[in-house]
Amino acid sequence: MNWTAAQSYCKANYTNLAVIATREENLKVREIANNLRTTFWIGMNRTAKLSETWQWCNREPTGIYNWRVNEPNNNLDNEDCVSVTTSGWNDSPCSSTSDFLCDWNIIFVQEIMTWEEALKYCKTYYKGMASLSTETKMTLAESETAQSGTARVWTGLRFLDGKWFWLSNEQIDSQVSVSECPALQYHCGARNVMKNMWENRHCNDRLSFFCYTK
């Protein structure tokens, strides 16, 4: 998507394109870029055409930068939006097509619960159980759990009426590889963050999990 379309998608499904407000968030985004080996939009653009001033899409102060060498250069006076590459940030034409990163709105809950208990907990204290429905989300989740030693986490993936679905109603893509006909009670989807794979687990297993914060 181009930058504007990516922002519209993030606003409709999350809050906005990603805003990098802290050193920790900057390190996390660098890790995502290195793991995915791809370029993606973040929520920064110029305040005006030909301006040397940058702004976040939510108007937070722009205190954090991670520009590539010799960037931003505003090539052909047409690079007004910011993308992240494996070597740092780049100013790019807003009309270019790229992957994108939405604002991170997921929290890792280290308490262990059954799938139903985790679902209730997320609904009670947050905004529901999180769906790790994209490669970017999975990479973020794995970085969140890296220091905890957690092997598996519950996600908003469930098997009912003969099919798997995300609680968020997002489309399940080919990256989610689980049994098409799981045994009874093995109808809950977990992410094995150690092996980078999906598993259908017994719903009474007790695992940590992710919730949406907004």
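In the numbering used here, the protein residues as written are 8 to 221. Glycine residues also receive a C-beta, built at the ideal position from the N, C-alpha and C atoms.
Residue i, buried or exposed, once every other Cβ within 10 Å from all chains shown has been counted against 16
| i | result |
| --- | --- |
| residue 157 | buried |
| residue 11 | exposed |
| residue 116 | buried |
| residue 123 | exposed |
Residue i in three-state terms, based on DSSP
| i | result |
| --- | --- |
| residue 170 | strand |
| residue 17 | helix |
| residue 152 | helix |
| residue 44 | coil |
| residue 98 | strand |
| residue 23 | coil |
| residue 82 | helix |
Given residue i as reference, the closest of the options once Cα atoms are compared
| i | options | result |
| --- | --- | --- |
| residue 49 | 90, 215 and 140 | 90 |
| residue 93 | 159, 47 and 147 | 47 |
| residue 60 | 79, 165, 149 and 35 | 79 |
| residue 69 | 81, 159, 54 and 179 | 54 |
Integer Cβ distance of residue i from residue j, believed to fall under 8 Å
| i | j | result |
| --- | --- | --- |
| residue 120 | residue 218 | Wrong, their Cβ atoms sit about 11 Å apart, outside the cutoff. |
| residue 25 | residue 108 | 4 Å |
Cβ shell of residue i (< 6 Å), same chain only, five flanking positions each side left out
| i | result |
| --- | --- |
| residue 52 | 87 and 88 |
| residue 169 | none |
Own chain partners of residue i with C-beta closer than 7 Å, once the 5 adjacent residues on each side are dropped
| i | result |
| --- | --- |
| residue 44 | 93 |
Residues near residue i by beta carbon distance below 8 Å, same chain, minus five either side
| i | result |
| --- | --- |
| residue 130 | 136 |
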